[in-house]
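The numbering of the sequence shown is the working numbering, which starts it at 1 and goes up by one. Beta carbons: idealized from backbone N, C-alpha and C, even for Gly. Remarks on the structure that follows.
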Amino acid sequence: MRTVLSNKETQKLQHIAIIMDGNGRWAAKRGMPRSLGHKKGAERVKEVVQAAGELGVKYLTLFAFSTENWQRSPDEVNDLMDLLRQYLKSEITELQENGVRIMFIGEREMLPADIRALMKQLEVETQNNKKLTVCIALSYGSRQEIVHAARKLATLAKRGDIKPDEIDTKVFADMLYTQEIPDPDLVIRTSGEQRLSNYLLWQIAYAELYFSEVLWPDFDRAELEKIIENYNKRERRYGKA
Ligand code: FPP
């Protein structure tokens, strides 16, 4: 198997976060309904999870559904929910075999009850897997996450459980949905759009950004390897000289 990460490089690139964009345009280019673009996109999720594990990436965070996506047509929202249901039901065996732990970030209370139950089940059943953690952002918005964290801290302060002076970046980060995982090293957005769209805004303070022209349903292992090679050539300084 070809890997593009040496041990040293693996240390450098632990966490990749992806904005999977372009499903609709991929379908439109072929005269197909948007739902087919999403279906093809879901197949790419499987391939990229497999490739990331094989390449030695430790964390992969995928933007599957944003808080803003609730404003799409009811038909499209239903199609996306159906795809998620299918994915959550069908992937468990393969995820277990590949040592993948699944976790979710976002406003779960907005999601249908059966999907919430499947999410919980997957999280519990894969919780001891160590090779790769796949974090799926579902009904996720970064500003909402930050407000949620601020509310939690305000409640703790009001109860006298924390002093305002004790709140620092570490304490704040521990209030976010991502408290268990390190910050992304690299953010990839597909489809040529150059925006962050309310994705992990706190967590990507020092991340490298890569905007790929490839539409998500065409994204594959070769493109991922190309991006990792590009990342490996960059010099990260975290504000130091
Ligand atoms: C953006 O394409 C993509 C989404 C809104 C959803 C991403 C979902 C998947 C890849 C499939 C389901 C996910 C999992 C984890 C099974 P777009 O519709 O905004 O594309 P456009 O900008 O070309 O219209």
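What three-state label does DSSP hand residue i in the structure shown?
| i | result |
| --- | --- |
| Y87 | helix |
| F104 | strand |
| V187 | strand |
| S197 | coil |
| E47 | helix |
| L80 | helix |
| E225 | helix |
| K240 | coil |
Please confirm whether residue i and residue j have their CB atoms less than 8 Å apart.
| i | j | result |
| --- | --- | --- |
| L224 | V48 | yes |
| A113 | L84 | no |
| R34 | E76 | yes |
| V187 | I167 | no |
| I102 | L95 | yes |
| I181 | Y59 | yes |
| E109 | Q144 | no |
| L138 | L156 | no |
| L118 | A52 | no |
| I146 | W202 | yes |
Alpha carbons only, please: which of the options is nearest the one belonging to residue i?
| i | options | result |
| --- | --- | --- |
| Q50 | D82, L84, T93, S35 | T93 |
| T61 | H15, W216, D79 | H15 |
| A17 | V214, N232, R189 | R189 |
| D174 | A150, D185, G239, L196 | A150 |
| K240 | F211, L215, Y206, D220 | Y206 |
Where does the unbroken beta strand (DSSP E) through residue i begin, and where does it stop?
| i | result |
| --- | --- |
| T133 | 132 to 140 |
| L60 | 59 to 66 |
| A17 | 15 to 19 |
| L209 | 208 to 211 |
Could you tell me the boundaries of the alpha helix (DSSP H) in which residue i lies?
| i | result |
| --- | --- |
| F172 | 169 to 173 |
| L122 | 113 to 125 |
| E94 | 92 to 97 |
| G24 | 23 to 29 |
Quick one: measure Cβ to Cβ for residue i and residue j, integer angstroms, because I've assumed they're closer than 8 Å.
| i | j | result |
| --- | --- | --- |
| V57 | L13 | 7 Å |
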